[in-house]
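Numbering (our numbering), first residue to last: 47 to 169.
Every residue gets a Cβ at the ideal spot worked out from N, C-alpha and C, and that includes glycine.
None of the values given here were measured: they were computed from a predicted structure.
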C-alpha cells in the first residue's frame, strides 16, 4: 500500500488514535453556557444582589456558585452534570439552602427563576 492510504491501521495520515484507558478528565461549561451564566452574574452584581462567585470542575460535574458575601454560603449554584442528560436534564439550579429550584436540559429555562428575581430586585 502507498504511504498515506487509509488501511485502518493506526498511524496512517488523517486518522486520530485515542490514548488507551484515558477517560474524560473533567466536565466544564461550554463558551455559550458560561457567557449566559456570567451575563446573569454581571446583572446581579449591578443590582447589588451578588458580589463574588466560585467555579468548580471535576470529572462528574461543573459548578458555578454566586455569593452575596464571600464568607457565606452561595445564594445560587448552577451545576452541569452530563450523566443526567437523558434523565432529568444536565443543568440544575440550587437555592441558598441547597434546595433544587429548577432542572432541565436548556440552561435559559433553568436560569429563569434567577432572572425573575433580578427583575424584582431592579424594580
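Check your understanding: Under 8 Å, do residue 108 and residue 75 count as touching if we go by C-beta distance?
Key -> Yes, they are a contact pair.
Practice item. Taking all protein chains shown into account, decide if residue 105 is buried (16 or more other Cβ within 10 angstroms of its Cβ) or exposed. Key: Counting every other CB atom within 10 Å of its CB across the protein chains shown gives residue 105 a total below 16, marking it as exposed.
Review point. Straight-line CA distance for residue 152 to residue 162?
Key: Their backbone Cα atoms lie some 17 Å apart in a straight line.
Check your understanding: Opposite residue 111 in the DSSP bridges: which residues?
Key -> In the DSSP assignment, residue 111 forms a beta bridge with 100 and 123.
**Study point:** residue 135 versus residue 72 - alpha carbon distance
**Key:** Cα-Cα distance, rounded: 18 Å.
Point to revise | Length of the line joining the Cα atoms of residue 148 and residue 127 | key: A straight line joining the alpha-carbon of residue 148 with that of residue 127 spans about 14 Å.
Check your understanding: Roughly how many angstroms lie between the CA atoms of residue 43 and residue 130, to the nearest whole one?
Key -> No answer is possible for residue 43: the residues shown for the chain start at 47 and end at 169.
Exercise for review: Leaving aside the five residues before and after residue 150 along the sequence, list all residues of the same chain whose C-beta is less than 7 Å from its C-beta, in chain order.
Suggested key: These residues qualify, in order along the chain: 135, 137 and 156.
Point to revise | Simplified DSSP state of residue 50, which is helix, strand or coil | key: Reliability of the predicted coordinates at residue 50 is poor, the pLDDT of 49 falling under 50, and the value obtained from them is presented with this limitation in mind. Note: residue 50 maps to coil in three-state DSSP.
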